[in-house]
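>
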Amino acid sequence: MSQAAQNTILVTGGAGYIGSHTCKALAAAGYKPVSYDNLIYGHPWAARWGPLEVGDLADRNRLNAVFERFRPAAVMHFAAYAYVGESMNDPGKYYRNNVVGTLSLLEAMRDHDVGQIVFSSTCATYGVPEQELIAEDHPQRPINPYGASKLMVERMLQDFGKAHGLRAIVLRYFNAAGADPDGEIGEAHDPETHLIPLVLDAAAGRRPAVTIFGDDYATTDGTCIRDYIHVTDLAQAHVLGLRALELGAASAAYNLGNGQGFSVRDVVAYAERVTGRPVPTRTGARRPGDPLRLVGSAARIQEELGWRPVHSDLETIIETAWRWSNRGDNSFG
Ligand code: UFG
21 MSQAAQNTIL
31 VTGGAGYIGS
41 HTCKALAAAG
51 YKPVSYDNLI
61 YGHPWAARWG
71 PLEVGDLADR
81 NRLNAVFERF
91 RPAAVMHFAA
101 YAYVGESMND
111 PGKYYRNNVV
121 GTLSLLEAMR
131 DHDVGQIVFS
141 STCATYGVPE
151 QELIAEDHPQ
161 RPINPYGASK
171 LMVERMLQDF
181 GKAHGLRAIV
191 LRYFNAAGAD
201 PDGEIGEAHD
211 PETHLIPLVL
221 DAAAGRRPAV
231 TIFGDDYATT
241 DGTCIRDYIH
251 VTDLAQAHVL
261 GLRALELGAA
271 SAAYNLGNGQ
281 GFSVRDVVAY
291 AERVTGRPVP
301 TRTGARRPGD
311 PLRLVGSAAR
321 IQEELGWRPV
331 HSDLETIIET
341 AWRWSNRGDN
351 SFG
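This is the structure we're talking about:
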């Protein structure tokens, strides 16, 4: 088998929100990201830092051809469906794409002797929190199929590690938010379900109001609490994870959060301040599958990999997302 191209990284989901920001960080760090994306949710204009190979994880022939052509030294695996609500109604879609699709990827990696992967996992693998600040050793008992699908992949990575020597850095994100501070890329989901872009749409008058999903939770203002982390800080953590693998690190799982919780109403208040505009709200029913509070400790990745979030204060998150949401036209490219 021919030698791997040391700085080439295969990025599944590289045309998606977090994947594209990570491709930018990889390019800035001297790597060549090759995006592999089926474009169901990704956007061709977001894959700006290297080649885009259109394909599905389930398509082994296509994956094999891409591995043979680019000979990546490692994989970063973002491609997944990530709508919690949809996963409750259509679990098969999540298990097929996120679990079976990943199995196809791991077998292709095994067949092409690619032994390093950075994997996008989620705080949704923890389920209902038993601690104020969730650490990596918190029990993993997901309460929705999306979280369960990611946990199954974590397990597959362990088993492929034992059997084939695969080393994996698993990153469990809390709530990814914000946009590239240079304004080159940002969040563009369709449908958009995430709180911050919806709040900003309401501030801009692009939608009449944002619905608060339940205000009867046992929190100070009755709304759910989340830990928002800037997508550019997340991207940087992937580069650090990759470097650790290159230096021979053993497999490990890390939380990526801020350790600070904000309620839905806090987010609305911050958005009003940052934008200088009112955000009309109405109160609706709780959303099934939503835990009341998800706040994580990222102490482990700070200590072991030296990760430091620099954009993750809520003002910066909202301010970068606001600039992106007002770009006028996202049909770049
Ligand atoms: N929310 C509203 N109204 C809305 C949208 C959201 O009140 O219109 C609330 C939600 O109930 C939740 C908070 O705002 O309390 C944040 O919701 P998001 O949909 O923005 O994000 P989630 O907390 O649902 O994120 C979860 C997991 C992530 C996972 C993501 C996948 O925490 O790990 O779902 O979409 F990646």
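Note that the numbering used here has the sequence shown beginning at 21, numbered continuously upward.
We treat Cβ as the ideally placed atom computed from N, Cα and C, and that holds for glycine.
#1: Let me confirm a value: Gly50 is counted as buried when at least 16 other C-beta atoms fall within 10 Å, else exposed. Which label applies?
#2: Distance, Cα to Cα, Gln23 vs Gly181?
#3: Report, in whole angstroms, the separation of the C-beta atoms of Gly198 and Ala47, which I expect to be a contact under 8 Å.
#4: How many Å lie between Val95 and Val315 at the Cα?
#5: Report the rounded CA-to-CA distance for Glu152 versus Ala168, giving the unit in angstroms.
#6: Should the region 125-139 be called in touch with the region 95-110, which here means at least 3 C-beta pairs below 8 Å?
#7: Would Glu212 and Asp221 qualify as a contact pair, given that the criterion is a beta-carbon distance under 9 Å?
#8: Please check the pair Gly70 and Lys52, which I expect to be a contact at CB under 8 Å, by giving their CB distance rounded to whole angstroms.
#9: What beta strand (DSSP E) runs, 3 residues minimum, are completely inside the region 270-340?
#10: Quick one: what's got a C-beta closer than 6 Å to Met172's C-beta in the same chain, skipping five residues either side?
#11: Quick one: what's got a C-beta closer than 6 Å to Gly62's C-beta in the same chain, skipping five residues either side?
#12: Expressed to the nearest angstrom, what Euclidean distance is found between the alpha-carbon atoms of Asp236 and Gly242?
#13: Bridge partners for Lys52 per DSSP, in chain order?
#14: If you drop the 5 nearest sequence neighbours on each side, which residues of the same chain put their C-beta closer than 6 Å to that of Arg161?
#15: Taking the CB atoms as reference points, tell me whether Val230 and Val294 lie closer together than 9 Å.
#16: Quick one: grab the DSSP three-state call for His250.
#17: In the DSSP assignment, find the unbroken alpha helix (DSSP H) run with Val173 in it and report its ends.
#18: Just the C-alpha distance for Ile29 and Leu125, rounded to the nearest angstrom, thanks.
#19: DSSP on Arg161, reduced to helix/strand/coil?
#20: Is the separation between the beta-carbon of Ala25 and that of Ala67 shorter than 9 Å?
#21: Distance check for Pro228 and Asn350, CA to CA, integer angstroms please.
#22: Could you give the distance in angstroms between the alpha-carbon of Tyr114 and the alpha-carbon of Asn58?
#23: Grouping DSSP H, G and I as helix and E and B as strand, with all else coil, what is Gln136?
#24: My assumption, with CB atoms under 8 Å, is that Leu177 sits in contact with Ala257. Please give the rounded CB distance.
#25: Between the alpha carbons of Val74 and Tyr56, how many angstroms are there, rounded?
#26: According to DSSP, Pro92 sits in a beta bridge with which residue or residues?
#27: Our contact map puts Ile216 next to Pro329 with C-beta atoms below 8 Å; I'd like the distance itself, whole angstroms only.
This is what the structure gives:
#1: exposed
#2: 21 Å
#3: Their Cβ separation, rounded to whole angstroms, is 19 Å, which puts Gly198 and Ala47 out of contact at 8 Å.
#4: 28 Å
#5: 22 Å
#6: yes
#7: yes
#8: 5 Å
#9: 272-276, 301-304
#10: Val119
#11: Ala35, Gly36
#12: 5 Å
#13: Thr28
#14: Gly147
#15: no
#16: strand
#17: 165-184
#18: 14 Å
#19: strand
#20: no
#21: The pLDDT assigned to Asn350 is 46, lower than 50, so where the model puts this residue is not dependable, and the model offers no usable value.
#22: 15 Å
#23: strand
#24: No, Leu177 and Ala257 are not in contact; Cβ-Cβ is about 17 Å, not under 8 Å.
#25: 6 Å
#26: Ala25
#27: About 16 Å separates the two Cβ atoms, so there is no contact after all.
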